[in-house]
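In what follows, a structure is listed as structure tokens, so that the remarks can point back to it.
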Amino acid sequence: MKFNVAQLLKATVGTTREYEIDDGISYVEDVPVSSNVVGRARFTRTPRGVLVAADLTLAASLTCSRCLEDLEYPLHLRFDEEFEPTVDVVTGIEIPGPEDELVFTIDANHILDLARAVREYALLGLPMQPLCRDDCLGLCPECGQNLNRGKCSCSNALVDSRLAVLAKLLEAGTLSTSADPDRAGDRRS
Ligand SMILES: [Zn+2]
Ligand SMILES: [Zn+2]
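Residue 5 is where the sequence shown starts when you use our numbering, and the numbers rise one by one after that.
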């Protein structure tokens, strides 16, 4: 995602260039990127440098935080960032670097590289707890089966044992329901 902006830097303020982007980055931090970065960007000459307005999509390979299956997470990035030159395009004289290290810069060969900006914005868009789908059922805590693929036998056993406890309580008469009309009547009288 490298663009030579030497000509744009020589142009008058307000001059624009449009670019179609279809390019690869492999990782955002430690998250693999499974698609190309696709979209468009408009570069505008500003008094200080080049303003990039980007509209891009890509897909990240994530793991569902509940069922641990792989998933493709689509990201749509929209950002406006100004890139500042580090060398004067006409004189070739070095421009004192910006005080803020977070500022995006154009290198000494007038190359504007969008990769860092794409990575930073993609990182902001990644979910903390990715889900393969909103209602993912996750894994059985007992046997580890992916419950999206069907019930395991221990979920039935768990329900059975709970029902057994309930049945015993009812049998022993320690559990009553307020919906019982006779007992409700007793209490009132
Ligand atoms: Zn899942
Ligand atoms: Zn299970």
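Heads up, the beta-carbon is just placed ideally off N, CA and C, and yes, glycines get one too.
If you're wondering where the values come from, they're calculated on a predicted model, not measured in any experiment.
Indicate the three-state DSSP secondary structure (helix, strand or coil) for residue i in the structure shown.
| i | result |
| --- | --- |
| L12 | helix |
| S65 | strand |
| R82 | strand |
| E33 | coil |
| D74 | strand |
| D92 | coil |
| V17 | coil |
In the DSSP output, what is residue i paired with across the bridge?
| i | result |
| --- | --- |
| E24 | R44 |
| P51 | None; P51 has no bridge partner. |
Ranges of the beta strand (DSSP E) found wholly within the stretch 97-177, counting only runs of at least 3: Taken in chain order, the whole beta strand (DSSP E) runs of length 3 or more contained in the stretch 97-177 are 108-110 and 115-117.
Three or more C-beta pairs below 8 Å linking the stretch 105-123 and the stretch 46-66: Touching, yes, given that three or more Cβ pairs across the two stretches are closer than 8 Å.
Touch test, the stretch 78-97 against the stretch 146-157, Cβ-Cβ under 8 Å, three pairs minimum: Touching, no, given that fewer than three Cβ pairs across the two stretches are closer than 8 Å.
Any 3 or more C-beta pairs closer than 8 Å across the stretch 30-40 and the stretch 100-113: Below 8 Å, too few C-beta pairs join the stretch 30-40 and the stretch 100-113 to call them touching: fewer than three.
The stretch 124-137 touching the stretch 61-76, judged by at least three CB pairs closer than 8 Å: Touching, yes, given that three or more Cβ pairs across the two stretches are closer than 8 Å.
The stretch 140-151 contacting the stretch 123-130, beta-carbon criterion three pairs below 8 Å: Under the three-pair Cβ rule at 8 Å, the stretch 140-151 does not count as touching the stretch 123-130.
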